[in-house]
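First the structure, in the form of structure tokens, and then the observations on it.
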Amino acid sequence: MSKVQSTRGFKWMLIIMGIFVLPGLLALGIWQLGRAEEKQVLMQQWQDSDEVAKRLDHRSLQQFSLIRHEGVFDRERWFLLDNRTRQGKVGYEIVALFLPQESERHILVNLGWVSADQDRGILPKIELPKGVVTVRGRLTEVSQPLVLGESLWRPTWPQRIQRIELDGLEQRLGLTLMPWVIRPNEPVLPEADLSWSPAVMLPEKHQAYAVQWFAMAGVLMLLIGWNLLRMRREEAGT
């Protein structure tokens, strides 16, 4: 291969990188900035919903609304959200059925995180409170994360599940569920960890990733520009 052919091939490679790779890096940076803005909105909603605790029948309920309601827990049926971690430790989040007073629909309450036994066959043992209790906490929307595999329904309780899927739970339980999950501000189970956060990744981390993508795009632009300029000078000198 001659020097001219090699130069042309390298030039075309730079052009292809400028057409395809550079826009991709810029798009990733813009996407991270968008995610940072979304997380900032969630954090702001988390802070702005502190004023007044509402009842579950209030019409203005929204994500992160602070609620306070009386009701009873289903002490026989509850769930273990599998593969939840805290400080590098694997465990479960305990999700219970709660029937508010003067309501025909149950709502799920995430009672917090407990560690898992090394033996997967040994499940946590908990005792839900008896009688009428007051639950105070925040409402969160039921998310539908992508998971590998389906939850296996056991003949005995508790059920170990991979995600909260309202339609499937309603069919299994024969109940109508509200489209929310309550995250209590005050412990219902003393052994459960209630260290909630409105977002897994903080806005600042998304912004840092955006800076990295933009920096990579900037370096690529400089490399492409410098090499194209060098090749043009070499062509002009021949």
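In terms of the working numbering, the sequence shown has 1395 at position 164, counting the first letter as 1, and numbering is strictly consecutive.
All C-beta atoms in this analysis are idealised placements derived from N, C-alpha and C, irrespective of residue type, glycine included.
* Tell me which same chain residues have a C-beta within less than 8 Å of the C-beta of Arg1391, skipping the five on either side of it? -> Phe1310, Leu1311, Asp1313, Tyr1323, Leu1354, Ser1382, Leu1383, Arg1385
* Asked: Which of the three DSSP states, helix, strand or coil, is assigned to Asn1314?
  -> strand
* **Delimiting residues of the alpha helix (DSSP H) encompassing Leu1330** => Counting along the chain, Leu1330 falls outside any alpha helix (DSSP H), though it belongs to the beta strand (DSSP E) covering 1320 to 1331.
* the segment 1248 to 1255 contacting the segment 1449 to 1462, beta-carbon criterion three pairs below 8 Å -> yes
* To do: Say whether chain C places a C-beta atom closer than 7 Å to the C-beta of Gln1443.
  => Structure shown: chain C not included; a single protein chain is present.
* **Assigned secondary structure, Leu1259 (DSSP; H/G/I helix, E/B strand, else coil)** => helix
* To do: Say whether the segment 1408 to 1423 touches the segment 1348 to 1365, bearing in mind that this needs 3 or more beta-carbon pairs closer than 8 Å, one atom from each stretch.
  => yes
* Alpha carbon of Ala1439 to alpha carbon of Gly1255, nearest angstrom -> 17 Å
* **Beta-carbon contacts of Arg1336 that lie in its chain and below 6 Å, excluding the five residues immediately before and after** => Thr1407, Met1409
* **Straight-line Cα distance separating Gly1456 from Leu1397** => 54 Å
* Asked: Where do the ends of the beta strand (DSSP E) carrying Glu1372 lie?
  -> 1364 to 1372
* **Candidates His1437, Leu1459, Arg1464, Glu1465: closest to Met1244 by CA position** => Leu1459
* Asked: Buried or exposed: which applies to Ile1395, given that a residue is buried once 16 or more other Cβ atoms fall within 10 Å of its Cβ?
  -> buried
* **Chain-order list of residues whose beta-carbon lies under 6 Å from that of Val1321 (same chain, five-residue window excluded)** => Ala1347
* **Same chain, Cβ closer than 6 Å to Leu1259, neighbours up to 5 away in sequence not counted** => Trp1444
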